[in-house]
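Q: Those protein sequences? They're chains Y and A, same order as listed.
Take any residue in the first sequence, count from 1 to its spot, add 380: that is its number in my numbering.
Take any residue in the second sequence, count from 1 to its spot, add 380: that is its number in my numbering.
Protein chains: 2
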Amino acid sequence: MTETVVQKYGGSSVADVPKLERVADRVIATAKQGRRVCVVVSAMGRTTDDLIRLAKQISDSPPRRELDMLLSTGERITMALLAMAIQKRGFEAISFTGSQSGIITNDRHSGAHIIEVRPIRIQDELERGRIVIVAGFQGMSYRREITTLGRGGSDTTAVALAAALGASCEICSDVDGVYTADPRIVSEAHRLDSISYEEMQELAEHGAKVLNAQAVEWARRSGIHIYARATHAEGVGTRVGNEGSGREACGVATATGLVRLHLKGRSVELGAALAEGEVPLWQLTDDGTTATALFGVENLPDWAGFSRALRDRFGAELEVVENLAAVSVVGTALGSAQLPAQAIQEAGRLGAKIVAIDTSPLRITVLVHPSDAPGLARALHAAFIAAG
Amino acid sequence: MTETVVQKYGGSSVADVPKLERVADRVIATAKQGRRVCVVVSAMGRTTDDLIRLAKQISDSPPRRELDMLLSTGERITMALLAMAIQKRGFEAISFTGSQSGIITNDRHSGAHIIEVRPIRIQDELERGRIVIVAGFQGMSYRREITTLGRGGSDTTAVALAAALGASCEICSDVDGVYTADPRIVSEAHRLDSISYEEMQELAEHGAKVLNAQAVEWARRSGIHIYARATHAEGVGTRVGNEGSGREACGVATATGLVRLHLKGRSVELGAALAEGEVPLWQLTDDGTTATALFGVENLPDWAGFSRALRDRFGAELEVVENLAAVSVVGTALGSAQLPAQAIQEAGRLGAKIVAIDTSPLRITVLVHPSDAPGLARALHAAFIAAG
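1) By the criterion of Cβ-Cβ separation under 7 angstroms, what are the contact partners of S439 (chain Y) in chain A?
2) For chain A, find out if any of its Cβ atoms is closer than 8 angstroms to the Cβ of S392 (chain Y); answer yes or no.
3) Would I408 (chain Y) pass as an interface residue toward chain A - the criterion being a Cβ-Cβ separation below 8 angstroms?
4) Start and end of the beta strand (DSSP E) containing S534 (chain Y)?
5) Between V403 (chain Y) and chain A, is the shortest Cβ-Cβ distance under 8 angstroms, so that the two count as touching?
6) So P442 (chain A) contacts chain Y; which residues on that side make the cut at Cβ distance below 7 angstroms?
7) The beta strand (DSSP E) spanning S647 (chain A) covers which residue range?
8) Looking at the unbroken alpha helix (DSSP H) that takes in I765 (chain A), where does it start and where does it end?
9) Are the C-beta of D512 (chain A) and some C-beta of chain Y separated by less than 8 angstroms?
10) For chain Y, is any of its Cβ atoms less than 8 angstroms away from the one on I500 (chain A)?
11) State the Cα-Cα distance for the pair Y577 (chain A) and E697 (chain A), rounded to the nearest angstrom.
12) Residue range of the alpha helix (DSSP H) that R524 (chain Y) falls in?
13) What in chain A is Cβ-close to R456 (chain Y), meaning under 8 angstroms?
14) Tell me where the beta strand (DSSP E) around S620 (chain A) begins and ends.
15) Kindly indicate which residue of Y:L664, Y:V639 and Y:T477 has the alpha-carbon position closest to the one of L650 (chain Y).
16) Report buried or exposed for E401 (chain Y), applying the criterion of at least 16 other Cβ atoms within 10 angstroms of its Cβ.
17) Is V403 (chain Y) near A542 (chain Y), with beta carbons less than 8 angstroms apart?
18) Whose CA, out of A:G546, A:S534, A:G530 and A:I474, lies closest to the CA of R508 (chain A)?
19) Measure from the alpha carbon of L638 (chain A) to the alpha carbon of each residue in A:G631, A:V648, A:E614 and A:L674, then state which is nearest.
20) Could you round the C-beta distance between I737 (chain A) and V709 (chain A) to whole angstroms and report it? I think they count as a contact, below 8 angstroms.
21) Find the residues of chain Y that neighbour E446 (chain A), judging by a C-beta separation of less than 7 angstroms, and give them in chain order.
22) Given a limit of 9 angstroms on CB to CB distance, which residues of the region 575-607 of chain A reach chain Y?
23) Tell me which residues of the region 422-438 of chain Y have at least one Cβ-Cβ distance to chain A shorter than 8 angstroms, keeping chain order.
24) Please classify R456 (chain A): is it buried, with 16 or more other beta-carbons within 10 angstroms of its beta-carbon, or exposed?
25) Could you please tell me which residues of the region 699-729 of chain Y, in chain order, have their CB closer than 7 angstroms to any CB of chain A?
26) Counting only Cβ pairs nearer than 9 angstroms, list the residues of chain A close to V397 (chain Y).
27) Any chance the region 423-434 of chain Y sits against the region 488-508 of chain Y, with 3 or more Cβ pairs inside 8 angstroms?
28) Assuming contact is defined by CB atoms lying nearer than 8 angstroms, are H761 (chain A) and E446 (chain A) in contact in what I supplied?
29) What number of angstroms, rounded off, separates the C-alpha of S571 (chain A) from the C-alpha of A705 (chain A)?
30) Going by C-alpha to C-alpha distance, which of Y:I565, Y:R609, Y:A593 and Y:T560 sits closest to S553 (chain Y)?
31) How about the region 606-625 of chain A and the region 544-558 of chain A: do they share at least three Cβ pairs that are nearer than 8 angstroms?
32) Could you tell me which residues DSSP puts in a beta bridge with S708 (chain Y)?
33) Give the single residue among Y:V539, Y:G657, Y:K388 and Y:R691 whose Cα lies nearest to the Cα of A595 (chain Y).
34) Does the region 676-685 of chain A come close enough to the region 598-609 of chain A that 3 or more CB-CB pairs lie under 8 angstroms?
35) So, do the region 474-485 of chain Y and the region 465-472 of chain A have three or more beta carbon pairs nearer to each other than 8 angstroms?
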């Protein structure tokens, strides 16, 4: 049977027509190798941000169903143009929306989860020898409503489609794989040849933007590999699979825009309120007297409005600390009791004030003020990765 | 039963967020009168042209299916933003794509015709007291493909929906009704209180842009009235129905971008070739020796490519005259043999060279070079309308 590959191209790989035409050439090169190609595309460049800005001109908290209607147009523009570019080069291509691709989601607008993939039309067209282009980031709920999957959702579209099609999955972007840290922050960062699902998921959940955490989770459950590659360069990239990085610590991730809440002795109520607001929690703890919650607000549709509602509900009891950053070291051998101490030492040496520290078998996370985050990332990379 | 109204807003009425917010206020004002409101919107401002320009960067003749995918996003952006603006003002609103609205078309991409309207979801939401916003200009073919209806197609969406919902239909734009000529060309032009379907259809088919000819035809067949009104001004506008303008000549329409073909004695072959190219013919005649075809190329996806194909097929026998204009006088009493002669006299007085003249019981059309068209429009308006 002919091999099928799903290739996903991110927004900066299709930011303008010339870049999109280079993607068309790359897709055709793959098809010429005799492989069936299903392409998943993001919106061009900053299109999604531009559309959100338009919505925010009208409302601080745009209704999520309508926001999904609006945002879903971005990927549709890319997919139609890419199909045109491929046809122009003499190859048959056809584009499908999330709904036409059989991406069925739950009805949680603006942050929907894929619950089923029925790629019947895609399979038919691949069998006819056509290149299929799919709008990433979107699906259709069982209520027949257009939904979007949240930031980075196109990765999940690609992985879920690859799993359903029995295909391999390439995530193509501006970087040529998964690095031990963001090279724009840590110049010593280097590419990993392989990384395990668990390592990648920890990195993605704690700020690494190269792959989406939900997508990695889907790949793990389906047992398919993800290849993170560069769109416009050769190279093997990074393979995400069962095989790990082979390192004790595989990477440092940085996240900003975090908020920490404290509420005396009402953790159940606080948890319920945050669940209602569909807040993507990093952590919810209760030390017996005070409940503490930590989460990122970058992708919340209306943090300002939601934060007002929380203060109205809980009054002066609620303490809100905004604008925090987290630097996390991820690795399979971080269980040792000495390591958090070492992280605290590194922070101390930099003069960085530690707001909190949290450890798990796979991770040490240091919560700091954003101005301290880049320096701490470099220090922790030097101590745990470069030295490891 | 509560009265339902379909209001259509054109691209310049929703060109930016402030204009869109004024439309939201107008829609809410209608809802406050106790009427159910279904709103049909066009793409914002020049969005459709911008998207076409993007496609043309990739291909001179973009595949029509993919062009429809691309262009259908324009109205979806408007509808989502308008639904947000209405909700922001405390009223319930929901937007629907052409497909969700039950607009079923044939599969002639980029110029599809509505064959059926099944507005089940719209009816449900109107009954719940919600304002419904529909993406104009688009539908879904029975093959479940996204189609577009061609230029001015949002008018047809509005009329077809109004007919299906048993609603009245308002077409709202920058002008406050149907004028006896384009006021930008003929300053003496004045608004008509009423005009018959037949008069309006002749005007629309021969260059008047205020209403779409297919929409008027649909209204005539369904027996519903169209009210052409100003979006941002009071006034009764113009009613299109069985009752005519009450004038012998009701208007002057100007069209540009026309092409005339001559082919010796092969009218069947020429007709077939033009039908294949889905050319919207004004006229196809055969005087026994030579076939003559007249049509507008403004809305043809790829006239340059199609024209090359015609020359290849028919060789030197085919004569192509491009860039012509037509000035038409429309009226119920134009059957008199003296009137074409009077039109010829007016052209002669201006020194305008007549390329051809064509008459029907409802119309006299004078084919000229574009530079002569505005002057001839003014002269014919003065002779037939102002004097009538």
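The beta carbon of each residue, even a glycine, is placed where N, CA and C say it ideally should be.
What you are looking at is a predicted structure, and each value in this text was computed from that prediction instead of being measured.
A: Reading it off the structure:
1) M464 and K468
2) no
3) no
4) S534 (chain Y) -> not in any beta strand (DSSP E); alpha helix (DSSP H) instead, spanning G533 to L545.
5) no
6) M464
7) Here S647 (chain A) belongs to no beta strand (DSSP E); instead the alpha helix (DSSP H) covers S647 to E656.
8) No alpha helix (DSSP H) contains I765 (chain A), which DSSP labels as neither H nor E.
9) The question names Asp, but residue 512 (chain A) is Val in the sequence shown. V512 (chain A) does not count as touching chain Y.
10) no
11) 40 angstroms
12) Here R524 (chain Y) belongs to no alpha helix (DSSP H), and DSSP marks it neither H nor E.
13) M449, L450, S452 and T453
14) The question names Ser, but residue 620 (chain A) in the sequence shown is Val. Per DSSP, V620 (chain A) belongs to the beta strand (DSSP E) from T618 to G621.
15) Y:L664
16) buried
17) no
18) A:I474
19) A:L674
20) I737 (chain A) to V709 (chain A), Cβ: 11 angstroms. No contact.
21) A460, A463, M464 and S475
22) none
23) L431, L434, A435, Q437 and I438
24) buried
25) none
26) L434, Q437 and I438
27) no
28) no
29) Looking at the sequence provided, one finds Arg at residue 571 (chain A) rather than Ser. Spanning the two alpha carbons is a distance of roughly 24 angstroms.
30) Y:R609
31) yes
32) Y:A633 and Y:T745
33) Y:V539
34) no
35) no
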